[in-house]
Amino acid sequence: MTAAPALAVRDLAVRTRDRALVDGVSLTVAAGERVGLIGESGSGKSMTALAVMGLLPDGVTASGGVDVAAEQDLLARGDRRLAPLRGQLMSMVFQEPMTALDPLVRVGAQVAEVMTLHGARGRVDAAERAVGLLREVGLPDPDRAARAYPHQLSGGQRQRVMIAMALANDPALLVADEPTTALDVTVQAQVLDLMADLVARRGTGLLFITHDLAVVARVCERVVVMRDGQVVESGPVAEVFADPQHPYTRGLLAASDLTATDSRGRLFTVATAGGYRPGAAAAPTAPTAAPAASPEPPDGDSARSTAPVVRVRDLTRRYVRSRAGWHRRPADVVDALRGVSFDVAPGERFGLVGESGSGKTTALRLLAGLDTPTSGAVEVAGVRLAEDGPHGQRLAGPRELARVRSDLQMVFQDPMGSLDPRMRVGDVVAEPLLNPANRAALPEAATPDGRRGLVAEMLAAVGLPADAADRYPHQFSGGQRQRIAIARALVCRPRVLVADEPVSALDVSVRAQVLNLLADLADERELTLVLVSHDLGVVRHLCDRVAVMRAGEIVEQGTTEQVWADPQHEYTRRLQAATPVLDVARR
Numbered sequence: 001m002t003a004a005p006a007l008a009v010r011d012l013a014v015r016t017r018d019r020a021l022v023d024g025v026s027l028t029v030a031a032g033e034r035v036g037l038i039g040e041s042g043s044g045k046s047m048t049a050l051a052v053m054g055l056l057p058d059g060v061t062a063s064g065g066v067d068v069a070a071e072q073d074l075l076a077r078g079d080r081r082l083a084p085l086r087g088q089l090m091s092m093v094f095q096e097p098m099t100a101l102d103p104l105v106r107v108g109a110q111v112a113e114v115m116t117l118h119g120a121r122g123r124v125d126a127a128e129r130a131v132g133l134l135r136e137v138g139l140p141d142p143d144r145a146a147r148a149y150p151h152q153l154s155g156g157q158r159q160r161v162m163i164a165m166a167l168a169n170d171p172a173l174l175v176a177d178e179p180t181t182a183l184d185v186t187v188q189a190q191v192l193d194l195m196a197d198l199v200a201r202r203g204t205g206l207l208f209i210t211h212d213l214a215v216v217a218r219v220c221e222r223v224v225v226m227r228d229g230q231v232v233e234s235g236p237v238a239e240v241f242a243d244p245q246h247p248y249t250r251g252l253l254a255a256s257d258l259t260a261t262d263s264r265g266r267l268f269t270v271a272t273a274g275g276y277r278p279g280a281a282a283a284p285t286a287p288t289a290a291p292a293a294s295p296e297p298p299d300g301d302s303a304r305s306t307a308p309v310v311r312v313r314d315l316t317r318r319y320v321r322s323r324a325g326w327h328r329r330p331a332d333v334v335d336a337l338r339g340v341s342f343d344v345a346p347g348e349r350f351g352l353v354g355e356s357g358s359g360k361t362t363a364l365r366l367l368a369g370l371d372t373p374t375s376g377a378v379e380v381a382g383v384r385l386a387e388d389g390p391h392g393q394r395l396a397g398p399r400e401l402a403r404v405r406s407d408l409q410m411v412f413q414d415p416m417g418s419l420d421p422r423m424r425v426g427d428v429v430a431e432p433l434l435n436p437a438n439r440a441a442l443p444e445a446a447t448p449d450g451r452r453g454l455v456a457e458m459l460a461a462v463g464l465p466a467d468a469a470d471r472y473p474h475q476f477s478g479g480q481r482q483r484i485a486i487a488r489a490l491v492c493r494p495r496v497l498v499a500d501e502p503v504s505a506l507d508v509s510v511r512a513q514v515l516n517l518l519a520d521l522a523d524e525r526e527l528t529l530v531l532v533s534h535d536l537g538v539v540r541h542l543c544d545r546v547a548v549m550r551a552g553e554i555v556e557q558g559t560t561e562q563v564w565a566d567p568q569h570e571y572t573r574r575l576q577a578a579t580p581v582l583d584v585a586r587r
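Position 262, counted from 1, in the sequence shown is what our numbering calls 262; the numbers after and before it change by one each time, with no gaps.
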């Protein structure tokens, strides 16, 4: 007798009152099988998973059939009958563990609760088993981790806790919804390998939801492609990725391939994938030669044109964190940066890569004048933000900071967190024009009509319609919000654009669009670009030179292709090995 599949979905439809979110989806996951569910944001992937788990939001209904192992017709059951099955028969690992874990309950107690709620173990036995599960998912010092609160663990460690909770009762089905999107590449590789190993050893069916095709190629055996709420293609990963039959699948593959470009050196997107051929990637496109110096100024001061626009020397940043409590304990000292030095030439694209906690964002904050170093020198566009002197650190004054914030603008990782939700987009983009230094450099910024003209010009440059100025940030998609953030950064025509993980949370097609936009704007406006990323593939595509950071230090730097082709440091080799690569030709 054939065993029942871990999951069988038949003609699933998910609807709101006025539209269909999922329409006629059917798929199966066999016991022990790993199936990837892929598509762009809004394709219906997460709604499919929530329908399977019985977790659809209010106002959203589902019809069709969902069976998990021997339990049939789950959609016909109310929440009271479904609740005992969640965590026991089927479990889910969510994208953001910090919001899924209770911040007020210790980690071990949360893992144990999953077992005691379902009557699988007594309280003492469950507590001991929780420590064993934390050990099984690879947490160092699991006894100590069990006593910790979620905020005391790293992002990767919190995701491991979520996996331990999900597998605590040996469920037949594990649903993972973008479980590694917010993790750096080395932690992502560890979590992916852990999940694949655990489900294989336990015979658990895995439905892995992601927009990253390289991750699917690493983890899954079969793939299901969704678009606009429907399945457009499915089959073994090797076959679908090597010979995609549907144009949309070819578009996703094209947008995922950071080594393939069109004749202009730009990445393919889903909409422009007609010229892409799987396995026929072009040579790496990032220029390897230093950019040409700017033209000599009229006064003959050639030294000014060739001088670095960003200069960092022996930069250190030390944080001292007091430890709260009734008893006095020594403060924690964190060396976020330790002797960091680099230069960025005018017009150059410079990348900083490394794991979370390596010091990348701290370095950017110091460049932007948002923090002050403990020691060392920072110079941006001829302004010395900080330098060591005989009497300690000399820091820039308000006027100098205003000049730097005119010449250097920053794009943050999360556009929704950096855009004021109460301001219309036109006002958001115009805000930097209120800086007196920017008004002095741009006479048209002195009047409301002039500012509106500059905003309209910038919105058009980033590919947004003119009426976007009258709308609010929440009315746009994630990729559009990132375009708004880029428009705000560039409206005052800065010399340097600093971008902190600007594409890490975007799906592959939107990622390609934003990277192409940054490349176009850098070329057209002769921008100097400083890009922070944990993804060597993104930096390889976009940047001329790269510095690799680890534990607050630069362990290697050079041209991007030199570092990629012949990494000298073991840490760089580890980052490269952990970076997911969609190698269609090798499949």
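Every residue gets a Cβ at the ideal spot worked out from N, C-alpha and C, and that includes glycine. Nothing here was measured: the structure is a model prediction, and the numbers come from that model.
- Taking C-alpha atoms, which residue in R540, R227, P150, S234 lies nearest to E221? The residue with the shortest Cα to Cα distance from E221 is S234.
- Query: Nearest to Q17 by alpha carbon, out of L174, A487, T61?
  - Reply: According to the sequence as given, residue 17 is Arg; it is not Gln. The shortest C-alpha separation from R17 is found at T61.
- Query: Does the Cβ of T579 have 16 or more other Cβ atoms within 10 Å, making it buried, or fewer, making it exposed?
  - Reply: buried
- Query: Does DSSP classify S234 as helix, strand or coil?
  - Reply: strand
- Task: Hey, could you find the ends of the alpha helix (DSSP H) E457 is sitting in?
- Result: 448 to 461
- Message: I want to see whether chain D comes within less than 8 Å of E33, judged by CB atoms only; does it?
- Response: No chain D appears in this structure, which consists of one protein chain only.
- Task: Could you name the residues of the same chain whose beta carbon sits closer than 6 Å to that of A512, not counting the 5 residues immediately before and after it, in chain order?
- Result: A255, L267, T269
- Query: Whole-angstrom Cβ separation of V114 and G87, contact assumed at under 8 Å?
  - Reply: 5 Å
- Neighbour-count burial assignment, A146, 16 or more Cβ in a 10 Å radius: buried
- Query: According to DSSP, which residues form a beta bridge with L315?
  - Reply: V340, per the DSSP bridge assignment.
- Message: In the DSSP output, which residue or residues are listed as bridge partners for G558?
- Response: V546
- Task: Please say whether L74 and V68 have beta carbons closer to each other than 8 Å?
- Result: yes
- Look up L55 in the DSSP assignment and say whether it is helix, strand or coil. coil
- Query: How many whole angstroms separate the CB atoms of V111 and A49, which I take to be in contact at a CB cut-off of 8 Å?
  - Reply: Contact flag wrong, Cβ pair sits at about 22 Å.
- What do you get for Q152, buried or exposed, if any count of 16 or more other CB atoms within 10 angstroms of its CB means buried? exposed
- alpha helix (DSSP H) runs wholly inside the stretch 194 to 260, at least 4 long, in chain order: You should have 213 to 219, 237 to 242, 247 to 256.
- Item | E348, buried or exposed, once every other Cβ within 10 Å from all chains shown has been counted against 16 | buried
- Query: Going by DSSP, what residues sit across from R80 in a beta bridge?
  - Reply: DSSP output for R80 lists no bridge partner at all.
- Item | Supposed close pair L173, A8 - CB separation, criterion 8 Å | Not really, about 10 Å apart at Cβ, beyond 8 Å.
- Could you check if D507 is buried or exposed, using at least 16 other CB atoms within 10 Å of its CB as the buried criterion? buried
- Item | Straight-line gap, M226 to A83 (C-alpha atoms, nearest Å) | 28 Å
- Bridge partner(s) assigned by DSSP for M92: V175
- What do you reckon, are the CB atoms on V532 and D500 nearer than 8 Å? Yes; because the gap between Cβ atoms is below 8 Å, this pair is in contact.
- Query: If you follow the beta strand (DSSP E) that G156 is part of, which residue opens it and which one closes it?
  - Reply: Run containing G156: none in the beta strand (DSSP E); it sits in the alpha helix (DSSP H), 155 to 167.
- Message: Can you tell me whether D18 is helix, strand or coil according to DSSP?
- Response: Coil.
- Query: Would T572 be called buried (16 or more neighbouring beta carbons within 10 Å of its own) or exposed?
  - Reply: buried
- Message: Just to confirm the assignment, what range does the beta strand (DSSP E) spanning S386 have?
- Response: It should be pointed out that residue 386 corresponds to Ala in this sequence rather than to Ser. Counting along the chain, the beta strand (DSSP E) containing A386 begins and ends at 383 to 389.
- Message: Can you tell me whether A100 is helix, strand or coil according to DSSP?
- Response: If DSSP states are grouped into helix, strand and coil, A100 belongs with the helices.
- Message: Using the Cβ count rule (16 or more neighbours within 10 Å means buried), how would you classify L104?
- Response: exposed
- Message: My output table needs one value for S26: the three-state DSSP class, helix, strand or coil.
- Response: strand
- Message: Which residue wins for smallest C-alpha separation from G119, given the options D141, P398, L85?
- Response: L85
- Item | Helix, strand or coil at L12 [DSSP, three-state] | strand
- Sort out for me which residues DSSP pairs E71 with in a bridge. V68
- Item | Any beta strand (DSSP E) of 3 or more consecutive residues that is wholly inside the stretch 467 to 506 | 496 to 500
- Supposed contact pair L133 and A168 - C-beta distance, whole angstroms, cut 8 Å: 6 Å
- Measure the alpha-carbon distance for T181 versus G389 and round it to whole angstroms. Here the alpha carbons of G389 and T181 stand approximately 43 Å from one another.
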